[in-house]
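In full-length UniProt numbering, the protein residues as written are 1 to 344. Ideal Cβ placement from N, Cα and C applies to all residues, glycine included. Computed from a predicted structure; not experimentally measured.
Quick look at the structure:
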C-alpha cells in the first residue's frame, strides 16, 4: 500500500509498505478513505517532535471504513464508517478512568499514531484499543464533515470545555488557523457574551468575519487596548492561546483580566518564559497540555444536529499519490489554504 513516511528530519517520502496486520485482540484495521495534514505533521518533518520514530507512516487525522477487528473489539464491526482518534488510550488506567486520556500509561498511550506507530496518511491503518479510538459516523454525516473529529475538533472541544466559559464572559482566541477555528466553533457552543479572535493574517480574519459575523476580529497590534475596550473588567475573562508563538504567549497573559483563565492550546517549537514579576497580582489560572480526545462521540452528535460544521475549513483536496504537493501547499500557506483533505 502507499504510505507517507517520515524518513529523517526534513524528509518525508511516499513509499510502498506492507498492509498493516492485527497485533492484538483489541486492534482494528481501518481502510482510510480521507485524511488530512496537521501542523503537528510539520513539527515532525522539521525535527521538533523528539518522540517521532524514523520510518513510521505519518498522519493522525483521518476517517475510514473498518476492515478487520480483533476478537476483543465490541464497539465497531467491519463495514462501519469511523473517525479515528488522534490519541491511543487503554480506557482502564488511572488517567483514562479520569478522562485524562492524553496521559494513558500504556506504552503506546497518548499521541502515538503517526508519531511513534504507523499513522493514517496511507491506504490502511492499524488502530490499537479500537473500542476507545474509533467512533461510528452517523449516517447523515459525510466523511468531510467528520474528518477533523479525531484531532483539531477534539482539541477545540477539549480547550473550550476546560476553559469554564460562562455566559457573561468575554473570550479571546489567539490564532485563526485550523485549530483556532475549531476552537472558535466550540467556544460559541457555550454562548459567551463576547468573542474576540486575533490573527496576524488578514485572510484568516476575513474568513472569520464571513462565517462568524458576531465575532470581533483584531490583529496583534494594540491588542491589549482593543480587548480592554471590548470587555467589562479590564481584559478577557478567558483567553485561549492557539497560535503557538512567543508573541502570542505574551499576549495571552497581557490581555487577560485579573483572575482570568488562560488556556494554552498551542504546541510550541521551544520553551516559553513566564515573567512572574510582571504578572504578579494578576492571579491568573493557567491550563496547559495536550488534548484529552475522549468526546468524539459528542462532537459527532453535534455535527449530526447541525451545531458544528468544519467543512468550510477544507479548502483543497488531493489524491494520496499527490500528497507531497498537498504538503507543499499547506506548509507554505499558498492559495488561501486552511486545511487539505487527502483521498486515500
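Suppose contacts are defined by Cβ-Cβ distances below 8 Å. Is residue i in contact with residue j by that definition?
i	j	result
residue 337	residue 329	yes
residue 171	residue 238	yes
residue 40	residue 147	no
residue 123	residue 31	yes
residue 62	residue 120	yes
residue 185	residue 308	yes
residue 154	residue 86	yes
residue 29	residue 126	yes
residue 289	residue 101	no
residue 320	residue 344	yes
residue 42	residue 331	yes
Leaving aside the five residues before and after residue i along the sequence, list all residues of the same chain whose C-beta is less than 8 Å from its C-beta, in chain order.
i	result
residue 116	51, 52, 53, 56 and 108
residue 164	238 and 261
residue 160	183, 186, 187, 189, 190 and 240
Could you name the residues that DSSP lists as bridge partners for residue i?
i	result
residue 122	3
residue 34	63 and 343
residue 135	83
residue 198	174 and 218
residue 287	263
residue 57	5
residue 188	Answer is none; residue 188 lacks a bridge partner.
residue 153	Residue 153 pairs with nothing; no bridge assigned.
residue 88	110
residue 162	Answer is none; residue 162 lacks a bridge partner.
residue 28	69 and 127
residue 117	113
Alpha carbon to alpha carbon, how far is residue j from residue i? Give it in angstroms, no decimals.
i	j	result
residue 94	residue 80	30 Å
residue 129	residue 76	11 Å
residue 352	residue 280	There is no way to answer for residue 352, as the model of the chain reaches only from 1 to 344.
residue 311	residue 10	30 Å
residue 69	residue 27	6 Å
residue 177	residue 240	13 Å
residue 322	residue 113	21 Å
residue 251	residue 67	47 Å
residue 194	residue 103	33 Å
residue 189	residue 305	13 Å
residue 220	residue 162	25 Å
residue 222	residue 183	23 Å
residue 358	residue 150	Residue 358 lies beyond the range of the chain shown here (1 to 344); nothing can be said about it.
residue 19	residue 1	6 Å
residue 243	residue 296	23 Å
residue 268	residue 231	28 Å
residue 44	residue 218	31 Å
residue 144	residue 316	12 Å
residue 21	residue 118	11 Å
residue 356	residue 89	Because the chain in this structure spans residues 1 to 344, residue 356 falls outside the shown range and cannot be described.
residue 198	residue 110	30 Å
residue 325	residue 340	11 Å
residue 318	residue 236	40 Å
residue 138	residue 276	48 Å
residue 201	residue 74	46 Å
residue 12	residue 286	36 Å
residue 333	residue 205	15 Å
residue 254	residue 273	13 Å
How is the beta strand (DSSP E) around residue i delimited, first residue to last?
i	result
residue 298	Where residue 298 is concerned, there is no enclosing beta strand (DSSP E), although the alpha helix (DSSP H) it sits in stretches over 296-304.
residue 318	314-319
residue 248	It is not in any beta strand (DSSP E) - residue 248 instead sits in the alpha helix (DSSP H) that spans 246-254.
For the alpha helix (DSSP H) containing residue i, name the first residue and the last one.
i	result
residue 11	No alpha helix (DSSP H) holds residue 11; the beta strand (DSSP E) holding it covers 11-16.
residue 237	Not the alpha helix (DSSP H): residue 237 falls in the beta strand (DSSP E), residues 236-241.
residue 141	No alpha helix (DSSP H) holds residue 141; DSSP gives it neither H nor E.
residue 43	39-45
residue 96	94-97
residue 228	223-229
residue 168	Taken as a continuous stretch (DSSP letters only), residue 168 belongs to no alpha helix (DSSP H), as it is neither H nor E.
residue 328	323-331
residue 277	276-279
Between which residues of its own chain and residue i is the CB-CB distance below 7 Å, once the five residues before and five after are set aside?
i	result
residue 271	none
Within its chain, find whatever has a CB closer than 6 Å to the CB of residue i; leave out the 5 residues flanking it on each side and keep chain order.
i	result
residue 259	283
Is the beta carbon of residue i within less than 7 Å of some heavy atom of the ligand ZN?
i	result
residue 180	With respect to small molecules bound, the structure shown includes none, and the ligand ZN cannot be examined in it.
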